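S.K.:
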Amino acid sequence: MSAAGTKSVKMPSVAKSVLDLPPEGKRDLYRQMLLIRRFEEKAGQAFTQSKVKGFCHLYIGEEAVGVGTISVLEPRDAVITAYRDHGHAIARGMEIKPLMAELFGKATGCSRGKGGSMHFFSKEKNFYGGHGIVGGQTPLGAGIAFAQKYQGTGGVTLCYLGDGAVNQGPFHEALNLAALWKLPVIYIIENNEWSMGTSLARSSAGLPLVNRAHGYDMAGITADGMDLDDVRVKTAEAVALARSESQPTLMEIKTYRYRGHSMSDPGKYRTKEELEAHLAKDPIHLYQQKLLAAKVADQAWFDKLDEQIRAQVQEAYEYADASPEPEHHTLYEDMLTPEDQIPEIPRGNYNHF
Amino acid sequence: MQTITMREALNQAMAEEMARDERVFLLGEEVAEYDGAYKVSQGLLKKFGPKRIIDTPISEAGFTGLAIGAATLGLRPIVEYMTWSFSLVAYDQIVNNAGQIRYMSGGQFSVPIVFRGSSGGGLQVGATHSHTPENWYGSVPALTVITPAFPDDAKGLLKAAIRSNNPVCFIENEKLYGFKGEVPDSDTDFLVPIGKGKIRREGDAITLLGNSASTHRAMEAAETLAKEGIEAEVIDLRTIKPYDFELVAASVAKTHRLVIVEENKPFCGWGAQVAYDIQRKCFDELDAPITRITGLDVPQPYNGKLEAAVMPNEERILAAVHDVLQ
Ligand SMILES: Cc1ncc(C[n+]2csc(CCOP(=O)(O)OP(=O)(O)O)c2C)c(N)n1
Ligand SMILES: [Mg+2]
Numbered sequence: 000m001s002a003a004g005t006k007s008v009k010m011p012s013v014a015k016s017v018l019d020l021p022p023e024g025k026r027d028l029y030r031q032m033l034l035i036r037r038f039e040e041k042a043g044q045a046f047t048q049s050k051v052k053g054f055c056h057l058y059i060g061e062e063a064v065g066v067g068t069i070s071v072l073e074p075r076d077a078v079i080t081a082y083r084d085h086g087h088a089i090a091r092g093m094e095i096k097p098l099m100a101e102l103f104g105k106a107t108g109c110s111r112g113k114g115g116s117m118h119f120f121s122k123e124k125n126f127y128g129g130h131g132i133v134g135g136q137t138p139l140g141a142g143i144a145f146a147q148k149y150q151g152t153g154g155v156t157l158c159y160l161g162d163g164a165v166n167q168g169p170f171h172e173a174l175n176l177a178a179l180w181k182l183p184v185i186y187i188i189e190n191n192e193w194s195m196g197t198s199l200a201r202s203s204a205g206l207p208l209v210n211r212a213h214g215y216d217m218a219g220i221t222a223d224g225m226d227l228d229d230v231r232v233k234t235a236e237a238v239a240l241a242r243s244e245s246q247p248t249l250m251e252i253k254t255y256r257y258r259g260h261s262m263s264d265p266g267k268y269r270t271k272e273e274l275e276a277h278l279a280k281d282p283i284h285l286y287q288q289k290l291l292a293a294k295v296a297d298q299a300w301f302d303k304l305d306e307q308i309r310a311q312v313q314e315a316y317e318y319a320d321a322s323p324e325p326e327h328h329t330l331y332e333d334m335l336t337p338e339d340q341i342p343e344i345p346r347g348n349y350n351h352f
Numbered sequence: 000m001q002t003i004t005m006r007e008a009l010n011q012a013m014a015e016e017m018a019r020d021e022r023v024f025l026l027g028e029e030v031a032e033y034d035g036a037y038k039v040s041q042g043l044l045k046k047f048g049p050k051r052i053i054d055t056p057i058s059e060a061g062f063t064g065l066a067i068g069a070a071t072l073g074l075r076p077i078v079e080y081m082t083w084s085f086s087l088v089a090y091d092q093i094v095n096n097a098g099q100i101r102y103m104s105g106g107q108f109s110v111p112i113v114f115r116g117s118s119g120g121g122l123q124v125g126a127t128h129s130h131t132p133e134n135w136y137g138s139v140p141a142l143t144v145i146t147p148a149f150p151d152d153a154k155g156l157l158k159a160a161i162r163s164n165n166p167v168c169f170i171e172n173e174k175l176y177g178f179k180g181e182v183p184d185s186d187t188d189f190l191v192p193i194g195k196g197k198i199r200r201e202g203d204a205i206t207l208l209g210n211s212a213s214t215h216r217a218m219e220a221a222e223t224l225a226k227e228g229i230e231a232e233v234i235d236l237r238t239i240k241p242y243d244f245e246l247v248a249a250s251v252a253k254t255h256r257l258v259i260v261e262e263n264k265p266f267c268g269w270g271a272q273v274a275y276d277i278q279r280k281c282f283d284e285l286d287a288p289i290t291r292i293t294g295l296d297v298p299q300p301y302n303g304k305l306e307a308a309v310m311p312n313e314e315r316i317l318a319a320v321h322d323v324l325q
């Protein structure tokens with residue numbers, strides 16, 4: 000076990016049983032990854048058509064990370080991530096129609112058109128966002144885990160961040176609190192080698208990043224983000240540690256984004272060779288080869304699935320396009336929760352004209 | 000009625016709310032074993048144990064974000080800042096997370112949380128430790144900002160804040176912790192409505208509007224003015240955001256003159272908002288320009304004499320009143 004972390008914390012050895020999925024389970028993981036890929040391609044297309052505005056960060060290339068990690072969770076567990084959140088939301092089982100509608104800023108969006116690409120949320124799925132401030136979500140992740148422990152829900156929290164976000168102070172504060180208070184949280188560094196146009200080598204001392212677990216006497220493990228099964232096994236171990244012993248883990252998952260940082264980034268800072276080397280390890284393609292070899296599915300099944308998913312994504316696009324804009328009055332809604340233990344607080348109207 | 004200090008009033012408020020709601024807990028630096036840097040949480044660890052009275056590392060961004068995350072799941076944290084000056088390293092968490100999550104999530108996630116602690120100048124602790132941040136937090140749409148001046152309000156408002164389903168910045172004043180006043184007994188479950196000001200002294204010559212320690216400065220000035228035959232009405236705003244416009248407007252309709260006393264720095268201090276609203280909606284009631292006495296537009300100096308000049312002191316208030324009455 001590649002525990003870069005502590006002397007005092009031993010990772011539980013989770014049998015590779017998470018890999019003993021029935022064939023339909025494996026096919027479903029593949030389906031989820033392909034759904035993310037096709038959703039993101041459509042989102043990118045919609046952005047170039049100016050249907051999607053603002054910032055739009057695609058998850059293409061990183062699908063095995065979101066799908067693999069979330070696949071070992073239970074419904075009571077929580078997920079929180081940064082602004083590159085489409086993949087996690089889909090892996091968490093959010094319907095893609097409200098997701099696409101959110102990108103379009105429509106009233107039918109998962110955040111009623113008020114969040115946008117970076118701020119997907121779903122209370123029903125315990126999906127705590129979508130956060131736009133780099134690293135800002137990391138203390139929240141500790142807090143969700145704190146509440147799970149306080150309430151004894153038995154749940155654990157997955158909190159994602161980028162390789163650039165590891166250098167934010169609040170992340171280190173969160174790691175310390177998580178280790179100090181034994182919170183059932185797993186921090187997952189999605190190391191895609193770039194934070195916008197800054198390479199890992201230019202942003203971070205003390206590589207590999209998982210070493211940062213040492214300072215907090217926390218379990219630290221790495222996974223190959225291009226290999227869905229590796230992600231699943233390693234995450235299952237961390238989840239087991241969190242669930243049974245209420246111990247946090249820092250995971251570093253090596254991955255790569257095939258597109259620019261956001262839709263407005265042509266990605267000129269990296270070489271063609273670098274990109275091609277990573278394209279050759281496409282996680283979706285690799286998993287497909289694995290399933291073909293194991294005869295879990297044949298080529299006809301894959302072809303048909305792609306067709307279905309393309310149609311599903313097209314339908315989501317049309318749904319988003321046809322959905323109404325939010326009504327003006329909704330501008331003033333959702334800011335405050337109605338009171339139920341004290342009288343409603345009279346809110347002054349500071350808006351003139 | 001009991002006569003207790005502001006500190007005791009705050010302590011009772013937390014203890015009573017923690018007793019009635021398991022989801023309420025307190026975290027912050029030195030709140031548990033040390034009994035609070037200003038002894039506001041004295042005895043609470045003994046009463047409620049370490050699960051609910053939690054000492055944190057010196058890590059404001061971390062524990063503030065943690066508390067906000069816990070609130071989104073359904074707990075009701077009270078976050079104590081040793082002083083609000085130190086909340087600045089957690090500003091992103093308060094503004095971007097507590098302040099925006101409900102809206103950005105289309106109303107799915109609530110943030111029932113109270114951030115509280117001491118604030119204010121006048122204690123010769125220098126520029127970094129003397130902030131009055133009510134205007135900074137008041138400019139965030141979803142944040143409610145409360146600044147009590149008297150023990151009864153401190154208790155009733157803190158209890159109400161803890162029961163609110165929304166994020167509240169509860170900004171106390173260090174100079175007032177030892178201030179004594181009458182507070183209803185604990186068995187009365189005494190609550191003070193958030194968003195309502197209070198007339199602390201009646202008069203008809205001029206309205207003095209204050210908050211927190213500035214209310215006390217206004218009261219002192221009013222006593223001096225009374226000796227000169229000028230009866231000033233003193234309003235304690237209590238809640239800064241949203242503030243009680245109607246109460247101020249009604250007083251101005253009576254006195255036709257308004258002097259605002261606030262420790263905030265002048266540029267975009269809360270009094271600027273009140274002055275704007277009153278001139279906009281009560282223009283014809285005014286017999287003189289609204290005047291603001293604020294903390295002076297300089298960093299807080301250490302030297303006692305210099306700092307006294309920076310504070311909204313009685314001398315400056317009286318000068319403003321005489322100017323407005325001319
Ligand atoms: C506090 C803050 N600073 C800067 C930014 C602008 N910004 C957005 S994403 C980003 C790069 C982050 O890279 P990384 O953490 O590696 O995540 P990735 O985009 O690779 O998933 C930057 C600089 C921001 N959103 N928040
Ligand atoms: Mg990155």
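So the sequence lines, in the order shown, correspond to chains A and B.
Residue numbers for the first sequence follow numbering that gives the first Met the number 0, beginning at 0 and rising by one.
Residue numbers for the second sequence follow numbering that gives the first Met the number 0, beginning at 0 and rising by one.
We treat Cβ as the ideally placed atom computed from N, Cα and C, and that holds for glycine.
None of these values were measured; they are calculated from a predicted model.
Take every Cβ of the stretch 27-47 of chain A, pair it with every Cβ of the stretch 194-205 of chain A, and state whether three or more of those distances are shorter than 8 Å.
M.R.: Touching, no.
S.K.: Is it right to say Ile-57(B) is buried, meaning 16 or more other beta carbons lie within 10 angstroms of its own, or is it exposed?
M.R.: If you number the second sequence from 1, residue 57(B) lands on position 58. By the 10 Å Cβ count, Ile-57(B) comes out exposed.
S.K.: Whole-angstrom Cβ separation of Pro-147(B) and Ser-211(B), contact assumed at under 8 Å?
M.R.: As a position in the second sequence, residue 147(B) is number 148, starting the count at 1. As a position in the second sequence, residue 211(B) is number 212, starting the count at 1. Pro-147(B) to Ser-211(B), Cβ: 7 Å. Contact.
S.K.: Run through DSSP, which three-state label would Trp-300(A) get?
M.R.: In the first sequence, the residue the question calls residue 300(A) occupies position 301. Note: Trp-300(A) maps to helix in three-state DSSP.
S.K.: When you compare the CB of Asn-350(A) with every CB in chain B, is at least one pair closer than 8 Å?
M.R.: The residue labelled residue 350(A) in the question sits at position 351 within the first sequence. No, its Cβ sits nowhere closer than 8 Å to a Cβ of chain B.
S.K.: Could you pull the DSSP bridge partners for Met-250(A) from this structure?
M.R.: As a working mapping, residue 250(A) is identified with position 251 in the first sequence. For Met-250(A), which the question treats as bridged, DSSP gives the partners Ile-187(A), Ile-220(A).
S.K.: Could you name the residues that DSSP lists as bridge partners for Trp-193(A)?
M.R.: Translated into the one-based positions of the first sequence, residue 193(A) becomes position 194. Beta-bridge pairing links Trp-193(A) to Ser-198(A).
S.K.: Could you pull the start and end residues of the beta strand (DSSP E) that Lys-240(B) belongs to?
M.R.: The residue given as residue 240(B) occupies position 241 in the second sequence. Looking at the DSSP string, the run of the beta strand (DSSP E) that includes Lys-240(B) is 238-240.
S.K.: In whole angstroms, what separates the C-alpha of Lys-6(A) from that of Ala-235(A)?
M.R.: Taking the first residue of the first sequence as 1, we reach residue 6(A) at position 7. Taking the first residue of the first sequence as 1, we reach residue 235(A) at position 236. Legend: pLDDT at Lys-6(A) = 42, less than 50; position of this residue unreliable, value from coordinates given subsequently. Between Lys-6(A) and Ala-235(A), the C-alpha separation is close to 20 Å.
S.K.: Report yes or no: do the stretch 153-160 of chain A and the stretch 62-82 of chain A share at least 3 C-beta pairs separated by less than 8 Å?
M.R.: Contact holds: three or more Cβ-Cβ distances are below 8 Å.
S.K.: Give the straight-line distance between the Cα atoms of Lys-113(A) and Asn-165(B), rounded to the nearest whole angstrom.
M.R.: Position 114 of the first sequence, counting from 1, holds the residue named residue 113(A). Position 166 of the second sequence, counting from 1, holds the residue named residue 165(B). Rounded to the nearest angstrom, the two C-alpha atoms are 19 Å apart.
S.K.: If we define contact as Cβ-Cβ less than 8 Å, is Phe-108(B) a contact residue for chain A?
M.R.: Taking the first residue of the second sequence as position 1, residue 108(B) is located at position 109. At least one chain A Cβ lies under 8 Å of Phe-108(B).
S.K.: Kindly indicate which three-state DSSP category Pro-97(A) falls into: helix, strand or coil?
M.R.: One-based indexing of the first sequence puts residue 97(A) at position 98. Helix.
S.K.: Please look up how many angstroms separate the CB atoms of Ser-250(B) and Ile-234(B), rounded, as I've assumed it's under 8 Å.
M.R.: Indexing the second sequence from 1 puts residue 250(B) at position 251. Indexing the second sequence from 1 puts residue 234(B) at position 235. Confirmed, Cβ separation roughly 6 Å.
S.K.: Which residues share a DSSP beta bridge with Glu-79(B)?
M.R.: Position 80 of the second sequence holds residue 79(B). Note: Glu-79(B) sits in a beta bridge opposite Gly-27(B), Arg-115(B).
S.K.: Just how far apart, CA to CA, sit Val-209(A) and Val-13(A)?
M.R.: The residue you call residue 209(A) lines up with position 210 of the first sequence. The residue you call residue 13(A) lines up with position 14 of the first sequence. If you take the alpha carbons of Val-209(A) and Val-13(A), they lie about 20 Å apart.
S.K.: Give, in chain order, every residue of the stretch 86-112 of chain B whose Cβ lies closer than 9 Å to some Cβ of chain A.
M.R.: If the cut-off is 9 Å between Cβ atoms, the stretch 86-112 of chain B has Val-88, Ala-89, Asp-91, Gln-92, Asn-95, Asn-96, Gln-99, Ile-100, Arg-101, Tyr-102, Met-103, Ser-104, Gly-105, Gly-106, Gln-107, Phe-108, Ser-109, Val-110, Pro-111 near chain A.
S.K.: Check the Cβ of Ala-141(A) against every Cβ in chain B and list those closer than 8 Å, keeping chain order.
M.R.: Numbered from its first residue, the first sequence carries residue 141(A) at position 142. Ordered by position in chain B, the residues that pass the 8 Å Cβ test against Ala-141(A) are Gly-61, Gly-64, Leu-65, Gly-68.
S.K.: Are the C-beta atoms of Ser-110(A) and some chain B residue less than 8 Å apart?
M.R.: Counting from 1 along the first sequence, the entry for residue 110(A) is found at position 111. So, interface residue.
S.K.: Quick one: list the residues of chain B neighbouring Glu-39(A), beta-carbon separation under 8 Å, in chain order.
M.R.: In the first sequence, residue 39(A) corresponds to position 40, counting from 1. Neighbours of Glu-39(A) on chain B: none; closest Cβ ~21 Å, over 8 Å.
S.K.: Is Asn-166(A) near ligand 2, with its Cβ less than 7 Å from a heavy atom?
M.R.: The residue labelled residue 166(A) in the question sits at position 167 within the first sequence. Not under cutoff, so the answer is no.
S.K.: Interface residues of chain A around Thr-143(B) at Cβ under 8 Å?
M.R.: Counted from its first residue, the second sequence places residue 143(B) at position 144. Correct list: Ile-344.
S.K.: Pick out whichever of Ala-141(B), Glu-21(B), Ala-126(B) has its Cα sitting closest to the Cα of Tyr-331(A).
M.R.: Locating residue 331(A) in the first sequence gives position 332, counting from the first residue. Cα-wise, what sits closest to Tyr-331(A) is Ala-141(B).
S.K.: Go through its chain and collect everything with a Cβ distance to Thr-270(A)'s Cβ below 8 Å, but skip five positions before and after it.
M.R.: The residue you call residue 270(A) lines up with position 271 of the first sequence. Result list for Thr-270(A): empty, nothing under 8 Å.
S.K.: Spell out the partners DSSP gives Leu-207(B) in its beta bridges.
M.R.: Translated into positions along the second sequence, residue 207(B) becomes position 208. Val-233(B), Val-258(B).
S.K.: Would you check whether ligand 1 has a heavy atom nearer than 7 Å to the C-beta of Gly-205(A)?
M.R.: As a working note, residue 205(A) is residue 206 in the first sequence. No, the Cβ of Gly-205(A) stays beyond 7 Å of every heavy atom of ligand 1.
S.K.: With DSSP as the reference, label Ile-59(A) as helix, strand or coil.
M.R.: Along the first sequence, read from residue 1 onward, the residue named residue 59(A) stands at position 60. Ile-59(A) falls in the coil class under three-state DSSP.
S.K.: Along chain B, in chain order, which residues have C-beta atoms closer than 9 Å to that of Phe-120(A)?
M.R.: As a position in the first sequence, residue 120(A) is number 121, starting the count at 1. Going along chain B in sequence order, the residues near Phe-120(A) (Cβ under 9 Å) are Ile-100, Met-103, Ser-104, Gly-105, Gln-107, Phe-108.
S.K.: Below 8 Å between beta carbons is the criterion; list the residues of the stretch 272-284 of chain B that meet it against any residue of chain A, in chain order.
M.R.: So the close ones are Gln-272, Asp-276, Arg-279.
S.K.: Helix, strand or coil, according to DSSP, for Ile-100(B) in the structure here?
M.R.: By one-based count along the second sequence, residue 100(B) stands at place 101. If DSSP states are grouped into helix, strand and coil, Ile-100(B) belongs with the helices.
S.K.: Quick check: Leu-386(A) and Gly-219(A), are their CB atoms within less than 8 Å of each other?
M.R.: What the structure shows of chain A is the stretch from 0 to 352, and residue 386(A) is not part of that stretch, so it cannot be assessed.
S.K.: What's the gap between the Cα of Val-124(B) and the Cα of Ala-307(B)?
M.R.: As a first step, residue 124(B) must be located in the second sequence, where it is residue number 125. As a first step, residue 307(B) must be located in the second sequence, where it is residue number 308. C-alpha separation (whole angstroms): 12 Å.
S.K.: Under three-state DSSP, which class holds Phe-46(A)?
M.R.: Indexing the first sequence from 1 puts residue 46(A) at position 47. Phe-46(A): helix per DSSP, three-state reduction.
S.K.: Determine the chain A residues that contact Ser-58(B) at a beta-carbon separation under 7 Å, and present them in chain order.
M.R.: Here the question's residue 58(B) lines up with position 59 in the second sequence. Result: Glu-172, Asn-175, Leu-176.
S.K.: Considering only residues of the same chain and omitting the five flanking positions on each side of Gly-67(A), which have a CB-CB separation below 6 Å?
M.R.: As a first step, residue 67(A) must be located in the first sequence, where it is residue number 68. The answer, listed in chain order, is Leu-227, Val-230, Arg-231.
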